[in-house]
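There are 2 protein chains.
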Amino acid sequence: MIGALLRYAWQGVRAQILDGLQAAGFTDLRAPHLDVFQHPGPEGARPGDLAERARTTKQAMNQLLRSLEELGYVERRSPSAKSADGRARAVHLTPRGVRAAAAIRDVLLEIEAAWAARLGASRFADIKAALEEMRGAAER
Amino acid sequence: MIGALLRYAWQGVRAQILDGLQAAGFTDLRAPHLDVFQHPGPEGARPGDLAERARTTKQAMNQLLRSLEELGYVERRSPSAKSADGRARAVHLTPRGVRAAAAIRDVLLEIEAAWAARLGASRFADIKAALEEMRGAAER
DNA sequence: GCTGATAGTAAACTAAATTTACTACATGTC
DNA sequence: GACATGTAGTAAATTTAGTTTACTATCAGC
Chain A
184 MIGALLRYAW QGVRAQILDG LQAAGFTDLR APHLDVFQHP GPEGARPGDL
234 AERARTTKQA MNQLLRSLEE LGYVERRSPS AKSADGRARA VHLTPRGVRA
284 AAAIRDVLLE IEAAWAARLG ASRFADIKAA LEEMRGAAER
Chain B
184 MIGALLRYAW QGVRAQILDG LQAAGFTDLR APHLDVFQHP GPEGARPGDL
234 AERARTTKQA MNQLLRSLEE LGYVERRSPS AKSADGRARA VHLTPRGVRA
284 AAAIRDVLLE IEAAWAARLG ASRFADIKAA LEEMRGAAER
């Protein structure tokens with residue numbers, strides 16, 4: 184069943200990311216925080232957009248951002264005077280946040296390498312293309 | 184990035200399962216409950232094994248089972264006299280639980296059909312084989 | 001029949017998501 | 001330019017979920 188396979192694969196990836204963060208010293212990050220670091224990361228994005236990206240509510244995202252702000256990973260800046268929308272507060276990564284994002288990227292690159300080594304580059308590329316195609320189809 | 188693709192795909196599958204359950208009238212089931220119905224389902228299994236399958240703790244699984252028991256989806260039976268282990272209480276689906284499991288299976292079959300239609304049978308089969316291979320590799 | 005380990009359970013606590021509700025700003029209408 | 005309506009962001013209160021801690025019953029080895 185494709186459901187079980189996708190579940191297993193994703194849970195494995197998530198567990199590896201969390202382990203990698205732990206190993207790199209980011210011991211205060213927990214699973215829900217990963218929603219914020221989701222590609223392409225929160226830098227410059229608005230809370231509402233991050234919420235949509237993570238398929239959660241603005242309120243839940245707001246709590247995550249507050250938590251990450253207290254832990255020193257992100258900050259929310261008031262809209263600049265020349266900004267188009269005076270309501271929009273952009274999220275920015277702190278230096279610590281940038282390092283955490285890099286640690287996540289490192290783990291993902293390792294995982295990609297492991298899959299490519301195991302499946303072969305072309306087969307791996309085909310899987311990614313297929314998943315991408317299904318994502319496109321889902322968004323219609 | 185394979186991480187983002189797997190996350191997106193799995194979250195989509197999970198959302199479709201929950202929608203399908205809602206539509207079929209199982210409105211009291213929530214996302215965590217799906218861990219229990221995970222392939223091959225809880226019928227006859229022991230709580231500890233279900234916990235391991237869902238990669239969670241025995242305690243968390245116990246709470247899920249209690250919740251599902253209160254909602255009338257499963258029941259936990261005392262070990263029979265002839266059972267090998269007097270500590271082991273097996274989980275069993277009620278008729279309602281069986282119907283819910285069938286509803287989940289229906290959604291999954293629909294999803295499989297949609298993927299196969301979109302990607303072609305052989306390409307879809309190849310993806311499943313690859314994911315299966317990675318699962319095998321992860322369990323070493 | 002002790003001893004240490006395992007299966008199951010649950011209360012208490014902590015973490016996370018949802019519901020509800022509010023403020024500030026934006027946009028369109030008259 | 002005043003007013004109505006909608007949107008972005010925020011947060012308290014509540015509900016839901018998971019972890020920590022701790023207990024009982026059974027088992028397996030000696």
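Chains as they are written, first to last, in this note's numbering: chain A, 184 to 323; chain B, 184 to 323. Backbone N, C-alpha and C fix where the C-beta goes; we use that ideal spot for every residue, glycine too.
Going by Cα to Cα distance, which pick from VAL257/B, GLU252/B, TRP298/B and GLN246/B is closest to ALA321/A?
Along the first sequence, read from residue 1 onward, the residue named residue 321/A stands at position 138. Among VAL257/B, GLU252/B, TRP298/B and GLN246/B, the Cα nearest to that of ALA321/A is on TRP298/B.
Closest to ARG259/A by C-alpha separation, out of PHE209/A, LEU204/A, THR277/A and ASP268/A, would be which residue?
Position 76 of the first sequence, counting from 1, holds the residue named residue 259/A. Taking only the C-alpha atoms, the option nearest ARG259/A is THR277/A.
Please name the residues in the segment 185 to 197 of chain B whose beta-carbon is closer than 7 Å to at least one beta-carbon of chain A, in chain order.
Of all residues in the segment 185 to 197 of chain B, only ILE185, GLY186, ALA187, LEU188, LEU189, ARG190, TYR191, ALA192, TRP193, GLN194, GLY195 and VAL196 place a beta-carbon less than 7 Å from a beta-carbon of chain A.
Outcome for PRO223/A when other beta-carbon atoms lying within 10 angstroms are tallied against a minimum of 16
For the purposes of this step, residue 223/A is taken as residue 40 along the first sequence, with counting starting at 1. Residue environment analysis places PRO223/A among the exposed positions, since fewer than 16 neighbouring C-beta atoms fall within 10 angstroms of its C-beta.
Report the rounded CA-to-CA distance for ALA271/B versus ALA206/B, giving the unit in angstroms.
Along the second sequence, read from residue 1 onward, the residue named residue 271/B stands at position 88. Along the second sequence, read from residue 1 onward, the residue named residue 206/B stands at position 23. Each residue's alpha carbon lies about 35 Å from the other.
Give the interface partners of LYS241/B over in chain A, defined as CB-CB distance under 8 Å, in chain order.
Position 58 of the second sequence, counting from 1, holds the residue named residue 241/B. None at all; the shortest Cβ gap to chain A is about 18 Å.
Give every residue of the same chain whose Cβ lies closer than 8 Å to the Cβ of PRO230/A, excluding the five residues on either side of it in the sequence, and list them in chain order.
Indexing the first sequence from 1 puts residue 230/A at position 47. Excluding positions up to five away in sequence, the list reads LYS241, MET244, ASN245, LEU248, ARG259, ARG272 and VAL274.
Is the shortest distance between the beta-carbon of LEU251/B and the beta-carbons of chain A less than 8 Å?
Within the second sequence, residue 251/B is the residue found at index 68, counting from 1. Not an interface residue.
With GLU316/A and LEU212/B assumed to form a contact (beta carbons below 8 Å), what rounded beta-carbon distance in angstroms separates them?
Reading the first sequence from its first residue, position 133 is the one you call residue 316/A. Reading the second sequence from its first residue, position 29 is the one you call residue 212/B. Their Cβ separation, rounded to whole angstroms, is 30 Å, which puts GLU316/A and LEU212/B out of contact at 8 Å.
Cβ of ARG301/A less than 8 Å from any chain B Cβ?
In the first sequence, residue 301/A corresponds to position 118, counting from 1. For ARG301/A, the answer is yes, since a Cβ of chain B falls inside 8 Å of its Cβ.
DSSP state of LEU276/A mapped onto helix, strand, coil
Position 93 of the first sequence, counted from the start, is the residue given in the question as residue 276/A. The answer is strand: DSSP assigns LEU276/A an E or B state.
By Cβ distance, which residues of its chain are closer than 8 Å to PRO261/B, with the 5 residues on each side in sequence left out?
Locating residue 261/B in the second sequence gives position 78, where the first residue counts as 1. Going by the sequence as given, residue 261/B is Ser instead of Pro. Correct list, in chain order: ARG272.
Starting from the C-beta of LEU217/B, find all residues in its chain whose C-beta is less than 8 Å away, skip the five residues before and the five after it, and write them out in chain order.
Counting from one through the second sequence, the residue named residue 217/B turns up at place 34. Excluding sequence neighbours, LEU217/B sits near ARG197, ILE200, LEU201 and ILE287.
Does GLN205/A get closer than 8 Å to chain B when you measure Cβ to Cβ?
For the purposes of this step, residue 205/A is taken as the residue at position 22 of the first sequence. GLN205/A does not count as touching chain B.
Below 7 Å CB to CB, which residues in the same chain sit around GLU252/A once its five sequence neighbours on both sides are set aside?
Looking up residue 252/A in the first sequence gives position 69. Closer than 7 Å at Cβ, skipping near neighbours: GLU258 and ARG259.
LEU314/B: buried (16+ other C-beta within 10 angstroms of its C-beta) or exposed?
Against the second sequence, residue 314/B aligns to sequence position 131. Label assigned to LEU314/B: buried.
Would you report the Cα separation of ILE185/B and GLN194/A, rounded to the nearest angstrom?
As a first step, residue 185/B is located in the second sequence; it is residue number 2 there, counting from the start. As a first step, residue 194/A is located in the first sequence; it is residue number 11 there, counting from the start. Approximately 12 Å between the Cα atoms of the pair.
According to DSSP, what are the bridge partners of GLU258/A?
On the first sequence, position 75 is the one that residue 258/A refers to. DSSP output for GLU258/A lists HIS275/A as bridge partner(s).
Measuring only between beta-carbons, confirm whether HIS222/A sits less than 8 Å from chain B.
Here residue 222/A is taken as the residue at index 39 of the first sequence, counted from 1. Using beta-carbon distances, HIS222/A counts as an interface residue toward chain B, with a partner under 8 Å.
Beta-carbon of ALA228/A versus every beta-carbon of chain B: anything under 8 Å?
Within the first sequence, numbered from 1, the residue matching residue 228/A stands at position 45. So, not an interface residue.
CB contact check: ARG306/A to chain B, cutoff 8 Å:
Residue 306/A sits at position 123 when you count from the first residue of the first sequence. Yes - at least one Cβ of chain B is within 8 Å of the one on ARG306/A.
Which chain A residues are close to ALA313/B, counting only those with a beta carbon under 7 Å from its beta carbon?
Counting from one through the second sequence, the residue named residue 313/B turns up at place 130. Result: LEU302, ARG306 and ILE310.
Counting C-beta neighbours from all protein chains within 10 Å, is the total for GLY208/B 16 or more, i.e. buried, or is it exposed?
As a working note, residue 208/B is residue 25 in the second sequence. Exposed, since its Cβ has fewer than 16 Cβ neighbours within 10 Å.
Taking the Cβ atom as the reference point for each residue, do ILE310/A and ILE294/B lie within a distance shorter than 8 Å?
For the purposes of this step, residue 310/A is identified with residue 127 of the first sequence, where counting begins at 1. For the purposes of this step, residue 294/B is identified with residue 111 of the second sequence, where counting begins at 1. Their beta carbons are not under 8 Å apart, which means ILE310/A does not touch ILE294/B by this criterion.
Considering only C-alpha positions, which residue in the set ARG318/A, PHE307/A, ALA283/A and ALA304/A is nearest to GLY203/A?
As a working note, residue 203/A is residue 20 in the first sequence. The residue with the shortest Cα to Cα distance from GLY203/A is ALA283/A.
So, is the C-beta of ALA321/B closer than 8 Å to a C-beta in chain A?
Residue mapping note: residue 321/B aligns to position 138 of the second sequence, counting from 1. By this cut-off, ALA321/B is an interface position.
Nearest-angstrom Cα distance between PRO225/A and ALA214/A?
As a working note, residue 225/A is residue 42 in the first sequence. As a working note, residue 214/A is residue 31 in the first sequence. C-alpha separation (whole angstroms): 16 Å.
Taking 8 Å as the cut-off, decide whether the C-beta atoms of GLN221/B and ALA237/B are in contact.
Numbered from its first residue, the second sequence carries residue 221/B at position 38. Numbered from its first residue, the second sequence carries residue 237/B at position 54. In this structure, ALA237/B lies closer than 8 Å to GLN221/B by Cβ.
Counting only beta-carbon atoms, is LEU291/B nearer than 8 Å to chain A?
Start at 1 with the first residue of the second sequence, and residue 291/B comes out as number 108. Yes - at least one Cβ of chain A is within 8 Å of the one on LEU291/B.
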